[in-house]
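As they're listed, the protein sequences go chains A and B. Just so we're aligned, residue 1 is where the first sequence starts under our numbering, counting upward by one. Just so we're aligned, residue 249 is where the second sequence starts under our numbering, counting upward by one.
There are 2 protein chains.
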Amino acid sequence: MDEHRPFADSRNGAKSPSTTVASSVYVKMRLDILTGDLRPGEKLRSEFLRGRYNAGISPVREALNRLSTERLVCREDQRGFHVAGVSKAGLVELTKTRCWIEEIAIRESIEWGDDAWEEQIVLSFHRLSRTPRSSEDLTYAFNAKWEGLHRDFHNAIIACCGSHWLLGFCEQLVDQADRYRQLAAAVSYPKRNERNEHKDLMEATLSRDADRAVAIQCAHIRKTADIVLEANLSFLPDDIDLADPSRC
Amino acid sequence: MDEHRPFADSRNGAKSPSTTVASSVYVKMRLDILTGDLRPGEKLRSEFLRGRYNAGISPVREALNRLSTERLVCREDQRGFHVAGVSKAGLVELTKTRCWIEEIAIRESIEWGDDAWEEQIVLSFHRLSRTPRSSEDLTYAFNAKWEGLHRDFHNAIIACCGSHWLLGFCEQLVDQADRYRQLAAAVSYPKRNERNEHKDLMEATLSRDADRAVAIQCAHIRKTADIVLEANLSFLPDDIDLADPSRC
DNA sequence: TTTCCTATTAATTTCCAAATTCATTTAACT
DNA sequence: AGTTAAATGAATTTGGAAATTAATAGGAAA
Numbered sequence: 001m002d003e004h005r006p007f008a009d010s011r012n013g014a015k016s017p018s019t020t021v022a023s024s025v026y027v028k029m030r031l032d033i034l035t036g037d038l039r040p041g042e043k044l045r046s047e048f049l050r051g052r053y054n055a056g057i058s059p060v061r062e063a064l065n066r067l068s069t070e071r072l073v074c075r076e077d078q079r080g081f082h083v084a085g086v087s088k089a090g091l092v093e094l095t096k097t098r099c100w101i102e103e104i105a106i107r108e109s110i111e112w113g114d115d116a117w118e119e120q121i122v123l124s125f126h127r128l129s130r131t132p133r134s135s136e137d138l139t140y141a142f143n144a145k146w147e148g149l150h151r152d153f154h155n156a157i158i159a160c161c162g163s164h165w166l167l168g169f170c171e172q173l174v175d176q177a178d179r180y181r182q183l184a185a186a187v188s189y190p191k192r193n194e195r196n197e198h199k200d201l202m203e204a205t206l207s208r209d210a211d212r213a214v215a216i217q218c219a220h221i222r223k224t225a226d227i228v229l230e231a232n233l234s235f236l237p238d239d240i241d242l243a244d245p246s247r248c
Numbered sequence: 249m250d251e252h253r254p255f256a257d258s259r260n261g262a263k264s265p266s267t268t269v270a271s272s273v274y275v276k277m278r279l280d281i282l283t284g285d286l287r288p289g290e291k292l293r294s295e296f297l298r299g300r301y302n303a304g305i306s307p308v309r310e311a312l313n314r315l316s317t318e319r320l321v322c323r324e325d326q327r328g329f330h331v332a333g334v335s336k337a338g339l340v341e342l343t344k345t346r347c348w349i350e351e352i353a354i355r356e357s358i359e360w361g362d363d364a365w366e367e368q369i370v371l372s373f374h375r376l377s378r379t380p381r382s383s384e385d386l387t388y389a390f391n392a393k394w395e396g397l398h399r400d401f402h403n404a405i406i407a408c409c410g411s412h413w414l415l416g417f418c419e420q421l422v423d424q425a426d427r428y429r430q431l432a433a434a435v436s437y438p439k440r441n442e443r444n445e446h447k448d449l450m451e452a453t454l455s456r457d458a459d460r461a462v463a464i465q466c467a468h469i470r471k472t473a474d475i476v477l478e479a480n481l482s483f484l485p486d487d488i489d490l491a492d493p494s495r496c
């Protein structure tokens, strides 16, 4: 119960959509999982979360239940909740699926995108390219602003695919991929020139060259995965351990 | 608290995974939404659900939160829950997306499927073909057994696609499509010979003719959608009403 | 009539304590 | 020793009451 209802504006008829504690916990916990602040496989005890997010048990459980159906949290009846686990095999499967789904989204978006769509891509690329990847200069530190703009850019590309379902699937897969990306961000930084990759993607998209845009995007996705795989992270198992409750 | 924990088997080491009230409500409510027993757009008040499922508020809310992230229920902070709405435009978008996703799943599954996969397809087709579409003879009545076997058959086809994500997406889209199908089931029954459609799909799949299998499956999906659209159901709006809270 | 404000009612959300279930240890027995 | 059973402790799950918020109705002012 900290910053709940920061401003209850009731002057004009525009109803201010006040949020709930459950939703606020949901957003925070989701972010903590994506950044790896809550580590893969970690047990999520209600008392611990109660303290961490300064909320009661009910809103905490509501958030956990929401996250469990998006596969960020895994639930076992009568045995509570875990952060979903990760594995090399899982990353390979995820990467493969992302390439399939994003290919459709890009092709459709390029076919149906209009002027406003093009402008949004240019704009979001500009904003992204002016923001540093890391919030520190020499070492890697999570930069929430860059992360947000990065998502905006990739979302702008596929925005006109014509299916809310497809957009939702892409987002869910990006969420999952982000968890792996954060695991290796420190290792890979600053080996990579992501700006050029994004620039190429933008140019191919704006010139409506679907084949090339798809190729660039898939290479982009695979490269990120390869960096994680080649980092040989000790805490990343080859496959999902079926005895592990965080397998999901 | 009716049939909770039907048998608490603790003889052998194999831990019997006892379920929770929340999960039981979740399953029941999900089914009620898929069959249309809880109608699209309907408000879901906690008191009403409390009575309907004979449970406390906490498990009911946990079920609602789970369903809301799978887009079967739509949630508005401080304003409660609705069954997700339906519309003609929504059905068109859903159908388009299903064709995209299932095409990938079928092609991959045909590429990677083994002997056991083929046998499972034959088996599930056999079971499906021996089960009546309707649980009554002349008029349509929901037949849970047929619905289950129907899902099993289509799942068997794509089972070897190699991606749990893709399988999950297919299932989510089938869930949504089922809601539309039930809306028009009474109207379309018994106009259609679904058995032949399934037979053709099975044969194309077993002969590893991916192009044909995809064509049949997409036609299958589109035909179902067309029946719903052409039924001109009075309660099916053209587009989603943005003022309607059940829009999601 | 319309708009705005207030009082009232209804519904949602949250906290918390009791009930249930799981995990671990200890004891008893073969 | 090894296995089974009971006992203890810890964690999850649940029901309901209290707090918060939205929706509604009624009345005053423009």
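For each residue, glycine too, the CB sits at the ideal point set by N, CA and C.
State yes or no: is the beta carbon of residue i nearer than 8 Å to at least one beta carbon in chain A?
| i | result |
| --- | --- |
| D487 of chain B | no |
| F329 of chain B | no |
| K344 of chain B | yes |
| N313 of chain B | yes |
| S266 of chain B | yes |
| Q465 of chain B | no |
| R293 of chain B | no |
| S271 of chain B | yes |
| E318 of chain B | yes |
| K336 of chain B | no |
| S306 of chain B | yes |
| R253 of chain B | Residue confidence is low: R253 of chain B scores 39 on pLDDT, short of 50, so the model does not pin down where it sits. Its coordinate-derived value is still stated next. So no, R253 of chain B is outside the interface. |
| H402 of chain B | no |
| E310 of chain B | yes |
| I469 of chain B | no |
| D280 of chain B | no |
List the endpoints of the continuous alpha helix (DSSP H) containing residue i.
| i | result |
| --- | --- |
| V122 of chain A | D115 to S129 |
| A479 of chain B | Element bounds for A479 of chain B: n/a, residue is neither H nor E. |
| N196 of chain A | E194 to L206 |
| R247 of chain A | Segment: none, R247 of chain A is in no alpha helix (DSSP H) and carries neither H nor E. |
| G90 of chain A | K88 to W112 |
| R133 of chain A | No alpha helix (DSSP H) holds R133 of chain A; DSSP gives it neither H nor E. |
| I33 of chain A | V21 to T35 |
| T317 of chain B | I305 to T317 |
Does residue i have its Cβ less than 8 Å from a Cβ in chain B?
| i | result |
| --- | --- |
| L233 of chain A | no |
| A8 of chain A | Interpretation of A8 of chain A is limited by its pLDDT of 36, a score under 50 that renders its predicted location unreliable; no figure is taken from the coordinates. |
| L229 of chain A | no |
| W146 of chain A | no |
| D244 of chain A | no |
| I157 of chain A | no |
| S109 of chain A | no |
| I104 of chain A | yes |
| D226 of chain A | no |
| D37 of chain A | no |
Output the boundary residues of the beta strand (DSSP E) element that contains residue i.
| i | result |
| --- | --- |
| C409 of chain B | No beta strand (DSSP E) contains C409 of chain B, which DSSP labels as neither H nor E. |
| G328 of chain B | G328 to V331 |
| R52 of chain A | Element bounds for R52 of chain A: not the beta strand (DSSP E) but the alpha helix (DSSP H), S46 to Y53. |
Looking at the ligand GTP, does it come within less than 7 Å of residue i, judged from the CB to the closest heavy atom?
| i | result |
| --- | --- |
| S134 of chain A | The ligand content of the structure shown is nil, which means the ligand GTP is not present either. |
DSSP puts residue i in a beta bridge; with which residues?
| i | result |
| --- | --- |
| C466 of chain B | BP columns for C466 of chain B are empty, so no partner. |
| K291 of chain B | B:H330 |
| R75 of chain A | A:F81 |
Report back the beta-carbon spacing between residue i and residue j to the nearest angstrom; my notes put them in contact at under 8 Å.
| i | j | result |
| --- | --- | --- |
| L167 of chain A | L149 of chain A | Rounded, the Cβ-Cβ distance is 18 Å, inconsistent with contact. |
| D238 of chain A | A105 of chain A | At roughly 30 Å, the Cβ-Cβ gap does not stay under 8 Å, so D238 of chain A and A105 of chain A are not in contact. |
| P59 of chain A | V86 of chain A | Not really, about 27 Å apart at Cβ, beyond 8 Å. |
| R61 of chain A | S46 of chain A | 7 Å |
| L91 of chain A | V228 of chain A | 6 Å |
| L173 of chain A | W413 of chain B | 7 Å |
| I157 of chain A | L201 of chain A | 7 Å |
| H468 of chain B | E445 of chain B | 5 Å |
| E351 of chain B | V462 of chain B | 5 Å |
| G162 of chain A | E108 of chain A | 6 Å |
| Q368 of chain B | A407 of chain B | 7 Å |
Quiz item: Which of the residues in the region 360 to 372 of chain B, read from start to end, lie with their CB under 7 Å from any CB of chain A?
Solution: none
Quiz item: Got a sec: which bits of the region 184 to 210 of chain A sit with their beta carbon under 9 Å from any beta carbon on chain B, in order along the chain?
Solution: none
Quiz item: Along the region 166 to 182 of chain A, what residues have a CB closer than 7 Å to any CB found in chain B?
Solution: L166, F169 and L173
Quiz item: Quick one, which residues of the region 374 to 388 of chain B are near chain A if we go by CB-CB under 7 Å, in chain order?
Solution: none
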